[in-house]
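Start counting the sequence shown at 29; every next residue gets the next number (the numbering used here). Quick reminder that beta carbons are idealized off the backbone N, C-alpha and C, glycines included. Inspection log for the structure reproduced underneath, given as structure tokens.
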Amino acid sequence: MNDKIKLLEKLQILEQEHRDLDDIIIQIQEKKTIDLLQMRRLKKRKLILKDKIIDLRNRIEPDIIA
29 MNDKIKLLEK
39 LQILEQEHRD
49 LDDIIIQIQE
59 KKTIDLLQMR
69 RLKKRKLILK
79 DKIIDLRNRI
89 EPDIIA
């Protein structure tokens with residue numbers, strides 16, 4: 029049970045970081061002074077976070093196919 033709590037806390041942190049990155053990307057796009065390299069890095073980081081979030085969700089509640 030303690031492991032599940034730790035996983036949930038980690039999941040919450042990663043989801044918040046993912047939302048923050050989304051907000052940053054939107055702000056950069058609205059400024060119209062887009063640094064393509066920076067944008068690429070942010071989007072890559074966001075995809076990595078998404079993969080980690082999916083992995084954590086599967087570890088917390090495995091999707092068992094019967």
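| Alpha carbon of residue 39 to alpha carbon of residue 50, nearest angstrom | Your numbering for residue 39 matches position 11 in the sequence shown. Your numbering for residue 50 matches position 22 in the sequence shown. Taking the straight line from one Cα to the other gives about 16 Å.
| Three-state secondary structure (DSSP) at residue 89? | Here residue 89 refers to the residue found at position 61 when the sequence shown is read from its first residue. Note: residue 89 maps to coil in three-state DSSP.
| query | Below 7 Å between beta carbons: does that hold for residue 70 and residue 53? | reply | For the purposes of this step, residue 70 is taken as residue 42 along the sequence shown, with counting starting at 1. For the purposes of this step, residue 53 is taken as residue 25 along the sequence shown, with counting starting at 1. Inclusion of residue 70 and residue 53 in the CB contact set at 7 Å is warranted, their separation being smaller than that value.
| Helix, strand or coil: how does DSSP classify residue 50 here? | Looking up residue 50 in the sequence shown gives position 22. The answer is helix: DSSP assigns residue 50 an H, G or I state.
| When the distance is taken between beta carbons, is residue 35 closer than 7 Å to residue 84? | Along the sequence shown, one-based indexing puts residue 84 at 56. Along the sequence shown, one-based indexing puts residue 35 at 7. Going by beta carbons, residue 84 and residue 35 fall inside the 7 Å limit.
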